[in-house]
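For what it's worth, our numbering labels the leading residue of the sequence shown as 1, then goes sequentially.
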Amino acid sequence: MDTLHLEIKKAYSNILDLLFISDSSSNHRNNTFFAHYLTKLPLRISKDVDVAGVGLSENKDYACLYLGENFLKYSKLEKIAILLHEVYHLICKHPLRRNGRHHLRYNYACDLAINQKILNIPKNGLHVKQFKLPYDLTSEIYYDLLKDDKYLKAIENFIESLENGDLDTHDLWDQLSEENKIKIEAQLNSISEQAKQKCRGNISADLNELINLNKHSNKVHWLSILRKNATNKSTEKKETLKKRNRRYRDNPNIRGHKKSYKSTVTVILDVSGSMSSDFDIAQPLAEIKNLCRQLSTQVDLIQVDTEVKKIEKFSQNSTNFSRSGNGGTLLYPAIEYCIKKNVNIENLVIITDGCIEDYWDNPPKSNVIFLLPGLNKLSLSTDNFPKKPRIFNV
Ligand SMILES: [Zn+2]
Numbered sequence: 001m002d003t004l005h006l007e008i009k010k011a012y013s014n015i016l017d018l019l020f021i022s023d024s025s026s027n028h029r030n031n032t033f034f035a036h037y038l039t040k041l042p043l044r045i046s047k048d049v050d051v052a053g054v055g056l057s058e059n060k061d062y063a064c065l066y067l068g069e070n071f072l073k074y075s076k077l078e079k080i081a082i083l084l085h086e087v088y089h090l091i092c093k094h095p096l097r098r099n100g101r102h103h104l105r106y107n108y109a110c111d112l113a114i115n116q117k118i119l120n121i122p123k124n125g126l127h128v129k130q131f132k133l134p135y136d137l138t139s140e141i142y143y144d145l146l147k148d149d150k151y152l153k154a155i156e157n158f159i160e161s162l163e164n165g166d167l168d169t170h171d172l173w174d175q176l177s178e179e180n181k182i183k184i185e186a187q188l189n190s191i192s193e194q195a196k197q198k199c200r201g202n203i204s205a206d207l208n209e210l211i212n213l214n215k216h217s218n219k220v221h222w223l224s225i226l227r228k229n230a231t232n233k234s235t236e237k238k239e240t241l242k243k244r245n246r247r248y249r250d251n252p253n254i255r256g257h258k259k260s261y262k263s264t265v266t267v268i269l270d271v272s273g274s275m276s277s278d279f280d281i282a283q284p285l286a287e288i289k290n291l292c293r294q295l296s297t298q299v300d301l302i303q304v305d306t307e308v309k310k311i312e313k314f315s316q317n318s319t320n321f322s323r324s325g326n327g328g329t330l331l332y333p334a335i336e337y338c339i340k341k342n343v344n345i346e347n348l349v350i351i352t353d354g355c356i357e358d359y360w361d362n363p364p365k366s367n368v369i370f371l372l373p374g375l376n377k378l379s380l381s382t383d384n385f386p387k388k389p390r391i392f393n394v
């Protein structure tokens, strides 16, 4: 091992020590989690990597952290930020979610999605604030926003102006085949769980939610489909005092940008006995909250088992949700109810365990997305649906 190699290793373990001893309150609440996460991630020092990156092991069956010579050039706080940047890429499963997207634009989108969550990101890191992009979206949605040349050009100009080069490399992500994606996904989920246990669950609710939402790397996919459908209608951007800029939350005079969507989202939730454990609804409901946040909207939530139990407005802030049904499962009454009440459904999300009727007389004309837990299948035939529904396991 040469001296450089040892030097990088030493710098890395010093940073781990710092993370381990940080105060578990305030801004550093998640540091112990990150420290445990990094400890479980094999480290490779490589001459081919400039600063940092995540990539595969030699036999390509697990993910590793790669560090290069220029990692040493950053300050302690910046080194922490770079390591957290890599952990966030893995928590969000960014390397597994490229799915044929344009290389550079996807790289920018992923960095934009995570740098806003990290303190002390070095100057060469991309930040949404810099490009006047909205906060709190997924990489897929930033990717779509970057189709607007205005943003892409601004980012490219910024990158060209950099003296230090990129913060990290995403090139190592391209080695992933479909086969090793499955292995890596299992490894990453296991690392998250172990790290959570090691820090005795002392992590922020936001981070915990992010981990859960990204458990299955294909999962956010339904959200971006729904977002596209829901925003196909005309949208208007207005300045509002209600939604404050997140960075200046305490100052009511700074306006945040809020997009208002005219299109509506209706959610039908199967609360029948067969959706037995609370876990079944907890996960999809977390997804719906995420949806409300991403669309800055609330949704109409209809609870149904054999009949409509309850209709309520549901938003990202809804907390005291209670299930009101407990019988067999027929979801068609919810559709009939909407027809009878003349509820104009434009986008419908149906959360069910899949064991429902096998036929609906008058299926909705809207875009329909079914969310089923685990590996469940849908018993309903959707052959007579005017628009072919999309089915996702969450
Ligand atoms: Zn990155």
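Every residue gets a Cβ at the ideal spot worked out from N, C-alpha and C, and that includes glycine.
For residue j and residue i, believed in contact at Cβ under 8 Å, the rounded distance
| i | j | result |
| --- | --- | --- |
| residue 77 | residue 120 | 4 Å |
| residue 192 | residue 91 | 7 Å |
| residue 137 | residue 113 | 7 Å |
| residue 125 | residue 167 | 5 Å |
| residue 195 | residue 36 | 4 Å |
| residue 307 | residue 333 | 5 Å |
Proximity of residue i and residue j at Cβ, strictly below 8 Å
| i | j | result |
| --- | --- | --- |
| residue 270 | residue 304 | yes |
| residue 52 | residue 82 | yes |
| residue 350 | residue 331 | yes |
| residue 362 | residue 347 | no |
| residue 290 | residue 223 | yes |
| residue 371 | residue 385 | no |
| residue 177 | residue 96 | no |
| residue 41 | residue 19 | no |
| residue 172 | residue 68 | no |
| residue 382 | residue 373 | no |
| residue 286 | residue 212 | yes |
| residue 266 | residue 345 | yes |
| residue 444 | residue 7 | The structure shown does not extend to residue 444, since the chain spans only 1 to 394, so no value can be given for it. |
| residue 9 | residue 45 | yes |
| residue 38 | residue 87 | yes |
| residue 207 | residue 70 | no |
| residue 170 | residue 118 | no |
Residue environment, residue i, which counts as buried when at least 16 other CB atoms sit within 10 Å
| i | result |
| --- | --- |
| residue 3 | exposed |
| residue 235 | Reliability of the predicted coordinates at residue 235 is poor, the pLDDT of 42 falling under 50, and the value obtained from them is presented with this limitation in mind. Exposed. |
| residue 89 | buried |
| residue 151 | buried |
| residue 200 | exposed |
| residue 339 | exposed |
| residue 116 | buried |
| residue 17 | exposed |
| residue 282 | exposed |
| residue 165 | exposed |
| residue 204 | exposed |
| residue 190 | exposed |
| residue 50 | buried |
| residue 129 | exposed |
| residue 160 | exposed |
| residue 13 | exposed |
| residue 180 | buried |
| residue 59 | exposed |
| residue 175 | exposed |
| residue 296 | buried |
| residue 111 | buried |
| residue 341 | exposed |
| residue 197 | exposed |
| residue 272 | buried |
Collapsed DSSP secondary structure at residue i in the structure displayed
| i | result |
| --- | --- |
| residue 29 | coil |
| residue 90 | helix |
| residue 96 | helix |
| residue 111 | helix |
| residue 11 | helix |
| residue 302 | strand |
| residue 393 | strand |
| residue 64 | strand |
| residue 17 | helix |
| residue 264 | coil |
| residue 44 | strand |
| residue 270 | strand |
| residue 236 | With a pLDDT of 40 at residue 236, under the threshold of 50, the predicted position of this residue should be treated as unreliable, and no value is reported. |
| residue 56 | strand |
| residue 116 | coil |
| residue 292 | helix |
| residue 297 | coil |
| residue 386 | coil |
| residue 192 | helix |
| residue 82 | helix |
| residue 74 | coil |
| residue 198 | helix |
| residue 376 | coil |
Kindly provide the ranges of any alpha helix (DSSP H) runs that are 4 or more residues long and lie completely inside the region 123–187, ordered along the chain.
139–145 and 149–160
Only counting runs of 4 or more residues, tell me where the alpha helix (DSSP H) segments fall wholly within the region 307–373, in order along the chain.
332–340
If you measure from each CB to the nearest heavy atom of ligand 3 and keep those under 5 Å, what residues do you get, in chain order?
For ligand 3, the structure offers nothing, since it holds only ligand 1.
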